[in-house]
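Asks:
Numbering (our numbering), first residue to last: 6 to 332.
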């Protein structure tokens, strides 16, 4: 089977954009591919973290992924730091990537400009991301468009390593979702809905109560033209609502626009559809949160499965590099 790998950081709160743009796709992919999904807690260390909050947020995110529909009997779900091969291969990838390649990463430029403290890890974390992907002989990496550059780096370092030391890594390919993949901020529809956004009113959180969701969508920015049509350039706010409505009801944004002549009914129907779509996820999350020990057990099973694959790849890479094995 085709192997798929993707990861998500345990920072911020999971929002509707994460669910529609990535997580529901993960749920579908687990049934058609050999899928591995990772809570990438080591990536979160590029900025200082509160230890208690990091541990709690890692567990919450794992519970969220299970609630959305990932099935540990079908896919491999694990926490990055529980598979030490990620950190070890990351050093090898740092030594394979060039300084110029890492310095051209746009996310490093964006994040370092905003940070008071810039860690070395913030600069080199694309090498860790490459290790995450390459450890599992990954064929496909489902990502948002903002991660395209990082998957390209993983491809480049895999090809370079293979050229220098012999066939070692599968060269992965990025895949990008289509409809519903880019949910925008309700108050600033020209900006992507983000876990780190300051606009609480513009972000629908996965665990928001129905009345909160309704209020946020009711107050979503539209425009002065009352026409309902999907036109991202001319009508970004309305187009965002149509994209959301289409994604949660299994339609294209253009199909979702049919029959609407006013913004009020569009907002009401969008809110109702979002509430209905999130209700079973929220209920399942509450069940999982009440039994954290079971989540930790499932993560342990996933880490064991991931380690079996990762250790074989790392051993192959070390052997091809000429590193001396332990007697």
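Where is the CB? At the ideal position from N, CA and C, for every residue including glycine.
Applying the 10 Å Cβ sphere with the 16-neighbour rule, what's the burial state of residue 48?
Replies: Classification of residue 48: buried, given that the 10 Å Cβ count is 16 or more.
Asks: Taking only three categories from DSSP, how would you classify residue 212?
Replies: Reduced to three states, the DSSP call for residue 212 is coil.
Asks: Please list the terminal residues of the continuous beta strand (DSSP E) segment that includes residue 178.
Replies: From DSSP, the beta strand (DSSP E) with residue 178 extends over 178-180.
Asks: Would a C-beta distance cut-off of 7 Å place residue 253 and residue 282 closer than the cut-off?
Replies: Contact flag set, yes.
Asks: With a 10 Å radius around its C-beta and 16 neighbouring C-beta atoms as the bar for buried, classify residue 263 as buried or exposed.
Replies: The residue in question, residue 263, is exposed, as its Cβ has fewer than 16 Cβ neighbours within 10 Å.
Asks: Give the DSSP bridge partners of residue 13, in chain order.
Replies: For residue 13, which the question treats as bridged, DSSP gives the partners 44.
Asks: Would you check if the distance between the CB atom of residue 293 and the CB atom of residue 72 is smaller than 7 Å?
Replies: Their beta carbons are under 7 Å apart, which means residue 293 touches residue 72 by this criterion.
Asks: Can you tell me the Cα-Cα spacing of residue 177 and residue 61, whole angstroms?
Replies: Whole-angstrom Cα-Cα distance: 32 Å.
Asks: I'd like to check one pair, residue 70 with residue 315: are the Cβ atoms closer than 7 Å?
Replies: No.
Asks: Put residue 75 into one of helix, strand or coil per three-state DSSP.
Replies: Correct three-state label for residue 75: coil.
Asks: Evaluate contact between the stretch 119-134 and the stretch 82-98, counting only Cβ atoms and requiring at least three cross-stretch pairs below 8 Å.
Replies: As far as the Cβ criterion goes, the stretch 119-134 touches the stretch 82-98, which means the pair count is three or higher.
Asks: What's the C-alpha gap between residue 199 and residue 242?
Replies: Approximately 16 Å, taken between the alpha carbons.
Asks: What is the rounded straight-line gap between the Cα of residue 265 and the Cα of residue 306?
Replies: If you take the alpha carbons of residue 265 and residue 306, they lie about 49 Å apart.
Asks: Helix, strand or coil for residue 98 per DSSP?
Replies: The answer is helix: DSSP assigns residue 98 an H, G or I state.
Asks: Looking at C-alpha atoms only, which residue of 122, 101 and 31 is the closest neighbour of residue 81?
Replies: For the residues 122, 101 and 31, the minimum Cα distance to residue 81 belongs to 31.
Asks: Helix, strand or coil, according to DSSP, for residue 122 in the structure here?
Replies: Coil at residue 122, not helix or strand.
Asks: Which same chain residues, not among the five before or five after residue 102, have their C-beta less than 6 Å away from its C-beta?
Replies: Excluding residues within five positions, the ones whose Cβ falls inside 6 Å are 132 and 162.
Asks: Within 10 angstroms of its Cβ, does residue 57 collect 16 or more other Cβ (buried), or is it exposed?
Replies: Exposed, because fewer than 16 other Cβ atoms sit within 10 Å of the Cβ of residue 57.
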